[in-house]
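Written below as C-alpha coordinates is the structure these notes are about.
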Amino acid sequence: MAPGAISSQMHWESHEDEFLYMLEGALTVIEDGHETVITPGDSCVWKAGAPPAHHLKNHTDEPAVYLMVGSRNPKNVTTYPGIDLIAKADGYYHLDGTKYPERES
(Lines of atoms letter the chains of each structure in order from A; the text may use other names.)
(Lines give C-alpha, C1' and ligand atoms only; values in the text may rest on other atoms or scores of the structure.)
Protein backbone atom coordinates (compact mmCIF):
# COMPACT_ATOMS: atom_id res chain seq x y z
CA MET A 2 0.00 0.00 0.00
CA ALA A 3 1.37 3.35 -1.00
CA PRO A 4 2.21 6.06 1.54
CA GLY A 5 -0.93 7.98 2.57
CA ALA A 6 -3.31 5.43 0.99
CA ILE A 7 -6.25 3.66 2.62
CA SER A 8 -7.29 0.05 1.93
CA SER A 9 -11.01 0.77 1.47
CA GLN A 10 -13.84 2.65 3.07
CA MET A 11 -14.73 1.58 6.62
CA HIS A 12 -16.63 -1.71 6.31
CA TRP A 13 -17.60 -5.04 7.83
CA GLU A 14 -18.54 -8.37 6.21
CA SER A 15 -21.60 -10.58 6.79
CA HIS A 16 -20.25 -13.97 5.62
CA GLU A 17 -16.51 -13.56 5.27
CA ASP A 18 -13.92 -13.66 8.02
CA GLU A 19 -10.91 -11.49 7.15
CA PHE A 20 -7.33 -12.26 8.14
CA LEU A 21 -4.41 -9.85 7.68
CA TYR A 22 -0.71 -10.63 8.15
CA MET A 23 1.77 -7.74 8.02
CA LEU A 24 4.91 -8.35 5.90
CA GLU A 25 6.72 -5.01 5.44
CA GLY A 26 6.34 -1.43 6.67
CA ALA A 27 3.71 -0.16 9.07
CA LEU A 28 -0.02 0.47 8.83
CA THR A 29 -2.67 1.95 11.07
CA VAL A 30 -5.70 -0.27 11.62
CA ILE A 31 -8.76 1.88 12.24
CA GLU A 32 -11.75 0.17 13.88
CA ASP A 33 -14.73 2.37 14.76
CA GLY A 34 -12.43 5.32 15.52
CA HIS A 35 -9.76 3.39 17.44
CA GLU A 36 -6.28 3.34 15.85
CA THR A 37 -3.65 0.62 16.23
CA VAL A 38 -0.27 0.63 14.46
CA ILE A 39 0.81 -2.77 13.12
CA THR A 40 4.26 -3.79 11.84
CA PRO A 41 5.84 -6.95 10.32
CA GLY A 42 4.75 -10.11 12.11
CA ASP A 43 1.51 -8.60 13.43
CA SER A 44 -1.84 -10.03 12.40
CA CYS A 45 -5.49 -9.01 12.59
CA VAL A 46 -8.72 -10.97 12.28
CA TRP A 47 -12.22 -9.63 11.69
CA LYS A 48 -14.98 -12.15 12.33
CA ALA A 49 -17.85 -12.21 9.86
CA GLY A 50 -21.32 -11.21 10.89
CA ALA A 51 -21.00 -7.95 12.77
CA PRO A 52 -18.98 -4.77 13.25
CA PRO A 53 -16.48 -3.34 14.04
CA ALA A 54 -16.19 -1.45 10.80
CA HIS A 55 -12.52 -1.25 9.86
CA HIS A 56 -9.96 -0.20 7.30
CA LEU A 57 -6.21 0.34 6.99
CA LYS A 58 -4.19 3.49 6.41
CA ASN A 59 -0.54 3.83 5.52
CA HIS A 60 0.42 6.69 7.83
CA THR A 61 4.10 6.51 6.84
CA ASP A 62 6.31 7.75 4.00
CA GLU A 63 7.18 4.17 2.96
CA PRO A 64 5.18 1.49 1.14
CA ALA A 65 3.62 -1.28 3.26
CA VAL A 66 3.06 -4.91 2.24
CA TYR A 67 0.49 -7.21 3.81
CA LEU A 68 -1.34 -10.45 3.06
CA MET A 69 -5.15 -10.36 3.25
CA VAL A 70 -7.06 -13.66 3.26
CA GLY A 71 -10.79 -14.13 2.77
CA SER A 72 -13.14 -16.62 1.15
CA ARG A 73 -15.01 -14.53 -1.45
CA ASN A 74 -18.26 -16.13 -0.22
CA PRO A 75 -21.02 -15.36 -2.78
CA LYS A 76 -23.50 -14.84 0.11
CA ASN A 77 -21.33 -12.09 1.57
CA VAL A 78 -22.77 -8.64 2.14
CA THR A 79 -20.37 -5.77 2.83
CA THR A 80 -21.71 -2.89 4.90
CA TYR A 81 -20.04 0.53 4.63
CA PRO A 82 -21.68 2.44 7.51
CA GLY A 83 -19.95 5.78 6.87
CA ILE A 84 -21.02 6.17 3.25
CA ASP A 85 -24.61 4.80 3.11
CA LEU A 86 -23.63 1.71 1.13
CA ILE A 87 -24.31 -2.02 1.26
CA ALA A 88 -22.67 -4.18 -1.42
CA LYS A 89 -24.39 -7.45 -2.36
CA ALA A 90 -23.84 -9.89 -5.22
CA ASP A 91 -26.84 -8.39 -7.06
CA GLY A 92 -25.91 -4.73 -6.68
CA TYR A 93 -25.54 -1.78 -4.35
CA TYR A 94 -28.03 -0.61 -1.73
CA HIS A 95 -28.51 2.25 0.70
CA LEU A 96 -28.25 1.39 4.40
CA ASP A 97 -32.07 1.55 4.56
CA GLY A 98 -32.27 -1.28 1.97
CA THR A 99 -33.34 0.70 -1.10
CA LYS A 100 -31.35 -0.18 -4.21
CA TYR A 101 -29.09 2.34 -5.90
CA PRO A 102 -30.03 2.90 -9.55
CA GLU A 103 -28.15 0.81 -12.10
CA ARG A 104 -25.37 2.68 -13.84
CA GLU A 105 -25.88 3.34 -17.56
CA SER A 106 -23.17 2.00 -19.88
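The sequence shown begins at 2 in this note's numbering and counts up by one.
The beta carbon of each residue, even a glycine, is placed where N, CA and C say it ideally should be.
Predicted model, so just to flag it, every value in this text is computed and none were measured.
| Residue range of the unbroken beta strand (DSSP E) whose run includes valine 121 | Residue 121 lies beyond the residue range present for the chain, which begins at 2 and ends at 106; the question has no answer from this structure.
| Whose CA, out of Glu19, Glu25 and Ser15, lies closest to the CA of proline 41? | Glu25
| request: Would you grab the beta carbon distance between lysine 58 and threonine 29 for me? Rounded to a whole angstrom, and I think it's under 8 Å. | output: 5 Å
| field | Alpha carbon of alanine 65 to alpha carbon of proline 53, nearest angstrom | value | 23 Å
| query | Can tyrosine 94 and isoleucine 84 be called in contact, C-beta distance under 9 Å? | reply | no
| With a CB to CB cut of under 7 Å and the five nearest residues on each side skipped, what residues in its chain are close to lysine 48? | Asp18
| said: Given this structure, state the Cα-to-Cα distance separating arginine 14 from alanine 51, to the nearest angstrom. | reply: What sits at residue 14 in the sequence shown is glutamate, not arginine. Roughly 7 Å between the two C-alpha positions.
| Span of the beta strand (DSSP E) around lysine 58 | 55 to 58
| request: Measure from the alpha carbon of aspartate 91 to the alpha carbon of each residue in Ile7, Lys76, Asp97 and Glu105, then state which is nearest. | output: Lys76
| request: Leaving out five residues on either side along the sequence, give the residues of the same chain with a beta carbon under 8 Å from the beta carbon of valine 103. | output: Inspection of the sequence shows that residue 103 is occupied by glutamate rather than by valine. Same-chain partners within the cutoff: Gly92.
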